[in-house]
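K.L.:
Take the first sequence: its letters are residues 124 to 760, numbered as in this note's numbering.
Glycine included, every Cβ here is placed at the ideal spot set by N, Cα and C.
Everything numeric in this text was worked out from a predicted model, so none of it was measured.
Quick one: structure below, then a few questions.
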Amino acid sequence: MESIQTTIMTLLKIPSQIKSISQVKQIHAQIAKSFPIFTSDILSIYTKFNFLPESITLFNTLPSPSIHAWKSVIKCYSSNAYFFESLKCFVKMRGIGIHPDHNVFPSVLKACTHLMYFKFGESVHASVIRFGLEFDIFTGNALLSMYSTFQRFSALQVLDESPERMTADQSDSILHHHNINNYKLCPEVGQNCQNPSFLNQFSNRGLGNLRMQSVRKVFETMPEQDVVSYNTLIMGYAQNTMYNEAMMMIREMGNAKLKPDAYTLSSVLPIVAKYMDAWKGKEIHGYGIRHGFERNRFITSGLTDMYANCKMLEDSYHLFCSLPDKDCVSWCSMIAACVQNGLFDEGFILFRQMLSANIKPTLVSCSSIIPACAHLTTLPLGQQLHGYIIRHHFDDSLFISSSLVSMYAKCGNIKLAKCVFDGMKQHDLVSWTAMIMGYASHGYAHDAIFLFKEMEMEGFMPNSVAFVAVLTACSHAGLVNEGLTFFNRMVRHYDITPEFEHYACVADLLGRAGKLEDAFGLICSMPENKTAGVWLPLLAACRVHKNVELAEKVVLEMSKFDGDNVGAYVLLSNTYSSVGKYKDAATVRQMLSKKMNKKEPACSWIRIGEKVHAFVTGDESHSSYDCIINALNILFG
DNA sequence: TTAGGGTTAG
Numbered sequence: 124m125e126s127i128q129t130t131i132m133t134l135l136k137i138p139s140q141i142k143s144i145s146q147v148k149q150i151h152a153q154i155a156k157s158f159p160i161f162t163s164d165i166l167s168i169y170t171k172f173n174f175l176p177e178s179i180t181l182f183n184t185l186p187s188p189s190i191h192a193w194k195s196v197i198k199c200y201s202s203n204a205y206f207f208e209s210l211k212c213f214v215k216m217r218g219i220g221i222h223p224d225h226n227v228f229p230s231v232l233k234a235c236t237h238l239m240y241f242k243f244g245e246s247v248h249a250s251v252i253r254f255g256l257e258f259d260i261f262t263g264n265a266l267l268s269m270y271s272t273f274q275r276f277s278a279l280q281v282l283d284e285s286p287e288r289m290t291a292d293q294s295d296s297i298l299h300h301h302n303i304n305n306y307k308l309c310p311e312v313g314q315n316c317q318n319p320s321f322l323n324q325f326s327n328r329g330l331g332n333l334r335m336q337s338v339r340k341v342f343e344t345m346p347e348q349d350v351v352s353y354n355t356l357i358m359g360y361a362q363n364t365m366y367n368e369a370m371m372m373i374r375e376m377g378n379a380k381l382k383p384d385a386y387t388l389s390s391v392l393p394i395v396a397k398y399m400d401a402w403k404g405k406e407i408h409g410y411g412i413r414h415g416f417e418r419n420r421f422i423t424s425g426l427t428d429m430y431a432n433c434k435m436l437e438d439s440y441h442l443f444c445s446l447p448d449k450d451c452v453s454w455c456s457m458i459a460a461c462v463q464n465g466l467f468d469e470g471f472i473l474f475r476q477m478l479s480a481n482i483k484p485t486l487v488s489c490s491s492i493i494p495a496c497a498h499l500t501t502l503p504l505g506q507q508l509h510g511y512i513i514r515h516h517f518d519d520s521l522f523i524s525s526s527l528v529s530m531y532a533k534c535g536n537i538k539l540a541k542c543v544f545d546g547m548k549q550h551d552l553v554s555w556t557a558m559i560m561g562y563a564s565h566g567y568a569h570d571a572i573f574l575f576k577e578m579e580m581e582g583f584m585p586n587s588v589a590f591v592a593v594l595t596a597c598s599h600a601g602l603v604n605e606g607l608t609f610f611n612r613m614v615r616h617y618d619i620t621p622e623f624e625h626y627a628c629v630a631d632l633l634g635r636a637g638k639l640e641d642a643f644g645l646i647c648s649m650p651e652n653k654t655a656g657v658w659l660p661l662l663a664a665c666r667v668h669k670n671v672e673l674a675e676k677v678v679l680e681m682s683k684f685d686g687d688n689v690g691a692y693v694l695l696s697n698t699y700s701s702v703g704k705y706k707d708a709a710t711v712r713q714m715l716s717k718k719m720n721k722k723e724p725a726c727s728w729i730r731i732g733e734k735v736h737a738f739v740t741g742d743e744s745h746s747s748y749d750c751i752i753n754a755l756n757i758l759f760g
């Protein structure tokens with residue numbers, strides 16, 4: 124008996140010597156029989172292994188759990204992502220008058236952060252101050268993380284309702300006299316963040332800046348900061364698109380003699396990707412290799428994404444291939460890299476390879492590959508994916524629904540697109556825009572405009588993409604006044620700087636309506652990006668309205684940056700022909716035939732059944748070539 | 001004891 128007791132005492136004093144959960148269970152069984160006084164120690168060992176069911180069962184057998192037992196179970200709940208239960212336990216503990224300590228607050232604050240319990244988190248902060256633990260580095264870091272997360276949603280309230288202004292008695296009474304069930308998601312955050320007016324609020328970068336200042340204040344009031352403190356702030360800046368500030372923090376980190384770790388690198392990579400700074404990205408990659416982070420999953424996925432964003436797909440793929448154990452995120456990063464760079468077939472090949480490697484598609488991988496179905500107009504594949512999505516209950520996701528709406532619209536089935544849109548429990552700006560664009564591309568301009576106005580009435584503030592959609596609708600339907608009104612509202616009311624796409628839509632709209640000089644003037648007023656995409660529709664309009672003089676001016680403008688544009692010469696030649704200037708048309712055609720040799724011919728294709736039929740200019744190799752030509756002759760009379 | 005990845009609309 125004595126020797127068993129000695130062994131158990133030794134193991135309990137050095138729990139790190141216990142190597143498996145079965146050993147814990149053996150010790151537990153022995154202690155439960157002989158030494159119930161050690162039950163609390165066994166509980167802490169169960170929680171060390173994050174073994175939740177055993178921890179809870181054991182905890183429930185304790186007649187009056189100690190602070191040690193309470194904090195073990197609170198931590199265990201939090202570590203297993205049972206955040207609500209963790210907070211309930213914390214409230215119960217406070218309710219019976221047990222004082223929390225520096226071990227328990229980080230777990231509780233983590234639970235508040237994940238649940239987005241904004242006001243409850245503030246009360247916990249007040250309690251931290253009441254117990255004099257605000258200078259504990261772990262608690263401080265947990266607070267920093269909590270406010271950094273909250274700031275993305277409603278951190279102005281952090282500034283206005285700082286718990287530092289509460290008295291100790293106030294904070295204590297909050298945690299003593301409330302019911303955790305009253306702390307459902309506070310209205311500004313969490314699931315309800317789809318609330319449009321709220322979205323509008325935090326889409327403003329200026330406010331985001333102000334919010335991060337409050338997080339920075341928490342950082343500065345900490346008596347000391349470690350790597351976690353810096354990383355938390357850097358992540359906060361990065362997630363708030365305050366990239367310069369994030370980079371500044373890395374420099375400050377160096378001044379504080381702290382070395383960037385894997386967390387730091389994975390926070391910086393999205394910034395480098397955003398700025399398409401491949402040189403800096405390579406530098407980070409090298410630093411990662413030198414410091415042993417080469418296999419870190421967060422870094423490898425960040426690098427894959429960064430290289431893809433910098434249009435260095437080969438580097439992305441090389442890195443991806445070098446990974447010995449690819450998880451679903453590795454696959455998804457590479458698939459998304461292909462799809463976002465227009466390599467839709469390659470995206471599909473990888474998707475199939477992922478399935479062969481027994482990696483099941485997740486919600487995210489599904490939403491990455493659906494746009495490939497949309498662009499390749501492969502409806503059967505898209506429908507198969509939709510079936511999979513329904514079977515796996517991914518269809519509640521806004522990402523999934525928006526991509527499905529877009530896919531069905533692009534594949535020609537606007538009714539199914541509307542069906543998915545109407546079936547959504549809630550909409551966001553992206554899903555509204557997908558549906559508006561669907562209507563616009565199908566020529567249902569009035570439906571698109573109606574939906575755009577409905578979206579505004581619902582309180583959503585349209586962004587530049589939503590305006591592209593509604594302007595496309597106006598352009599396709601020739602709704603000149605409506606289009607110009609939307610364009611002006613975008614600039615004056617919503618303060619959105621027009622981009623290439625907006626100019627292209629309006630120029631096209633004016634051109635189709637015969638207001639050729641207005642269209643020319645608008646394009647000339649563009650500050651940059653006067654590329655072929657914006658001139659060609661005007662040139663097409665010149666042909667329709669037989670305006671040779673303006674067509675020549677347009678081609679002259681285009682020759683300043685794209686002298687070999689075949690489309691421009693075809694349209695100019697056709698414009699000459701339309702007014703009977705056949706000699707000029709022939710001259711342009713001669714020039715064209717010389718340029719054609721330098722150009723890769725365009726290709727179009729159609730899917731019939733399971734087969735894709737592709738056609739290239741001048742290619743007569745298709746087996747049904749004669750039938751196709753006969754059919755075309757019938758169609759064109 | 002505290003911090004992190006891939007996704008949707010042009």
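Tell me which residues share the same chain as S529 and place their Cβ nearer than 6 Å to its Cβ, disregarding the 5 neighbours each side in the sequence.
P.N.:
Closer than 6 Å at Cβ, skipping near neighbours: A497 and A557.
K.L.:
Using CA atoms only, rank isn't needed, just tell me which of V689, I523, R666 and I559 is closest to K538.
P.N.:
Of V689, I523, R666 and I559, the residue nearest in Cα terms is I559.
K.L.:
Measuring straight from C-alpha to C-alpha, what distance separates N761 and C212?
P.N.:
Residue 761 is absent from the structure shown; the chain starts at 124 and stops at 760.
K.L.:
Can D428 and S456 be called in contact, C-beta distance under 7 Å?
P.N.:
For D428 and S456, yes; Cβs fall inside 7 Å.
K.L.:
At which residues does the beta strand (DSSP E) containing H736 begin and terminate?
P.N.:
Note, H736: beta strand (DSSP E), K734 to V739.
K.L.:
Quick one, are the C-beta atoms of A737 and C726 less than 7 Å apart?
P.N.:
Contact flag set, yes.
K.L.:
So, at 8 Å on beta carbons, what are the nonlocal neighbours of K653 in its own chain, with the 5 sequence-adjacent residues on each side left out?
P.N.:
Cβ neighbours of K653 beyond the five flanking positions: I646, C647, E680 and F684.
K.L.:
By Cβ distance, which residues of its chain are closer than 8 Å to V693, with the 5 residues on each side in sequence left out?
P.N.:
Here the set comprises L715.
K.L.:
Does the Cβ of L478 have 16 or more other Cβ atoms within 10 Å, making it buried, or fewer, making it exposed?
P.N.:
Exposed, by the Cβ-count rule.
K.L.:
Per DSSP, C726 forms a beta bridge with which residues?
P.N.:
Bridge partners of C726: V739.
K.L.:
Taking the Cβ atom as the reference point for each residue, do C534 and T500 lie within a distance shorter than 7 Å?
P.N.:
Yes, they are a contact pair.
K.L.:
So which of Y440, S189 and M649 has the shortest CA-CA distance to I221?
P.N.:
Per the Cα distances, S189.
K.L.:
Take L388 and list the residues in its own chain whose beta-carbon comes closer than 6 Å to its own, dropping the five residues that flank it on each side.
P.N.:
Cβ within range, chain order: I407, G411 and I422.
K.L.:
Which value, in whole angstroms, describes the spacing of the CA atoms of S296 and L238?
P.N.:
Summary for S296: the model assigns pLDDT 47, below 50, so the residue's position carries little reliability, and this model does not support an answer.
K.L.:
If you reduce the DSSP assignment to three classes, tell me which class D292 lands in.
P.N.:
Low confidence applies here, because D292 scores a pLDDT of 42, under 50, leaving its location unreliable and the question unanswered by this model.
K.L.:
With respect to the alpha helix (DSSP H) encompassing I493, which residues constitute its N-terminal and C-terminal limits?
P.N.:
That run of the alpha helix (DSSP H) goes L486 to L499.
K.L.:
Between which two residues does the alpha helix (DSSP H) harbouring G535 extend?
P.N.:
Note, G535: premise wrong, no alpha helix (DSSP H); not H, not E.
K.L.:
Among S682, V667, H414 and G686, which one has its Cα closest to the Cα of Y699?
P.N.:
It is V667 whose Cα lies nearest to the Cα of Y699.
K.L.:
For P229, which residues in the same chain have their Cβ closer than 7 Å to its Cβ, ignoring the five residues on either side in sequence?
P.N.:
Excluding sequence neighbours, P229 sits near F261, T262 and A265.
K.L.:
Applying the 10 Å Cβ sphere with the 16-neighbour rule, what's the burial state of P383?
P.N.:
By the 10 Å Cβ count, P383 comes out buried.
K.L.:
Taking the C-alpha atoms as reference points, what is the distance between T710 and L695?
P.N.:
Computed Cα separation, rounded: 11 Å.
K.L.:
In whole angstroms, what is the alpha-carbon distance linking C461 and V487?
P.N.:
So the alpha carbons of these two residues sit roughly 15 Å apart.
K.L.:
What did DSSP end up calling I757 once you bin it into helix, strand or coil?
P.N.:
Helix, per DSSP.
K.L.:
Tell me whether L256 is buried or exposed, calling it buried when 16 or more other Cβ atoms sit within 10 Å of its Cβ.
P.N.:
Flag for L256 reads buried.
K.L.:
Helix, strand or coil for I572 per DSSP?
P.N.:
Residue state, collapsed to three classes: helix.
K.L.:
Is it buried or exposed for T740, if we count other Cβ within 10 angstroms and need 16 for buried?
P.N.:
It counts as exposed.
K.L.:
Whole-angstrom Cβ separation of L267 and V350, contact assumed at under 8 Å?
P.N.:
About 12 Å separates the two Cβ atoms, so there is no contact after all.
K.L.:
Among A532, F522 and P484, whose alpha-carbon lies nearest the alpha-carbon of R514?
P.N.:
Residue P484 is the option with its Cα nearest to R514.
K.L.:
Any idea what DSSP makes of I179, helix, strand or coil?
P.N.:
Residue state, collapsed to three classes: helix.
K.L.:
Have a look at W555 and S525 and give me their C-alpha separation to the nearest angstrom.
P.N.:
If I take the Cα positions, the gap works out to 8 Å.
K.L.:
Within this structure, are the beta carbons of V147 and I154 separated by less than 7 Å?
P.N.:
Their beta carbons are not under 7 Å apart, which means V147 does not touch I154 by this criterion.
K.L.:
Within its chain, find whatever has a CB closer than 6 Å to the CB of A655; leave out the 5 residues flanking it on each side and keep chain order.
P.N.:
Contacts found: D685 and N688.
K.L.:
Using a Cβ-Cβ cut-off of 8 Å (strictly less than) and excluding sequence neighbours within five positions of H225, which residues of its own chain qualify?
P.N.:
So the qualifying residues of the chain are L256, D259, F261 and T262.
K.L.:
Below 6 Å CB to CB, which residues in the same chain sit around S271 once its five sequence neighbours on both sides are set aside?
P.N.:
So the qualifying residues of the chain are V338, T355 and G359.
K.L.:
Check the C-beta distance from H191 over to S167 and give it rounded, since I have them as a contact under 8 Å.
P.N.:
At roughly 7 Å, the Cβ-Cβ gap stays under 8 Å, so H191 and S167 are in contact.
K.L.:
On the premise that S701 lies in contact with K669, defined as a C-beta separation below 8 Å, what is that separation, rounded to the nearest angstrom?
P.N.:
Right, the Cβ-Cβ distance comes to about 5 Å (below 8 Å), so this counts as a contact.
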